[in-house]
Each structure stands twice: as structure tokens, then as C-alpha cells.
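Trainee: Residue 50 in this note's numbering is what sits at position 67 of the sequence shown, and the numbering runs on without skipping anything.
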Amino acid sequence: MLVFTFSRLYSQTSSVITIPVGNEPRGLAIHPVTYKSVVTNHNSNAVTVVDVVKRTVTNVTVGEAPYGVAINPSTNRAYV
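Put into C-alpha cells, the structure is as follows:
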């Protein structure tokens, strides 16, 4: 996963940081308050949780071939 910055004035993008995730990342959801990101890793049977505030990366094993992900900010749960 790459984190980008962008400028609307110049339409330029640049990579800020590269965060390693599992094999074949497919889905991405970002919590609007905590800014935790959840990435589904289709060929790893896992999701990667990235806490951008604490700068931690955690891999969690889930069911076979996860694809999409959604976050409910009211319950702080991610649905894969």
C-alpha cells in the first residue's frame, strides 16, 4: 500500500511512505475518526490493519480470499 499526497493546484502526486501488506491487496477502508485503515489481502487470507496515528501494522487471518471491506464508525467494526 502506498500513501500519497496530492496537490489540486498542480495535479502532482508523490509517494510519502510505502506500507507492506499481504499478497494481492484488494479492498481498502479508512475509519473517518481513528484513521485506521483496513486492507484485504486476497491471496493471503488476511487483512492488514494500519494505525496511522501509532504507526503500527497488524495482520489478522480471516476467511478464504477476502475481497471487500467496510467500516462502521459507530461500532468501530470492520466487515470483510
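In this text, a Cβ means the ideal position worked out from N, Cα and C, and glycines have one as well.
Would you kindly report the start and end of the unbroken beta strand (DSSP E) that includes Pro8?
Mentor: For the purposes of this step, residue 8 is taken as the residue at position 25 of the sequence shown. First-last of the beta strand (DSSP E) with Pro8: Pro8 to Ile13.
Trainee: Could you check how far apart the C-beta atoms of Val45 and Gly10 are, in whole angstroms? I think they sit under 8 Å.
Mentor: Taking the sequence shown and counting its residues from 1, the one referred to as residue 45 is at position 62. Taking the sequence shown and counting its residues from 1, the one referred to as residue 10 is at position 27. Going by Cβ atoms, the distance from Val45 to Gly10 rounds to 11 Å, so no, they are not a contact pair.
Trainee: Which residues in the same chain as Ile54 place their Cβ atom closer than 6 Å to its Cβ, once the five residues preceding and following it in sequence are excluded?
Mentor: Counted from its first residue, the sequence shown places residue 54 at position 71. If we look at Ile54 and ignore the five residues flanking it on each side, its Cβ neighbours are Ala12, His14 and Ala61.
Trainee: Between Pro56 and the rest of its own chain, which residues show a CB-CB distance below 7 Å, the 5 nearest in sequence each way excluded?
Mentor: The count along the sequence shown starts at 1 and reaches residue 56 at position 73. Within the same chain, Pro56 has close Cβ partners His14, Pro15 and Val16.
Trainee: What are the complete beta strand (DSSP E) segments, minimum 3 residues, inside the stretch 6 to 60?
Mentor: With a minimum length of 3 residues, the continuous beta strand (DSSP E) runs that stay inside the stretch 6 to 60 are 8 to 13, 19 to 24, 29 to 34, 39 to 44 and 53 to 55.
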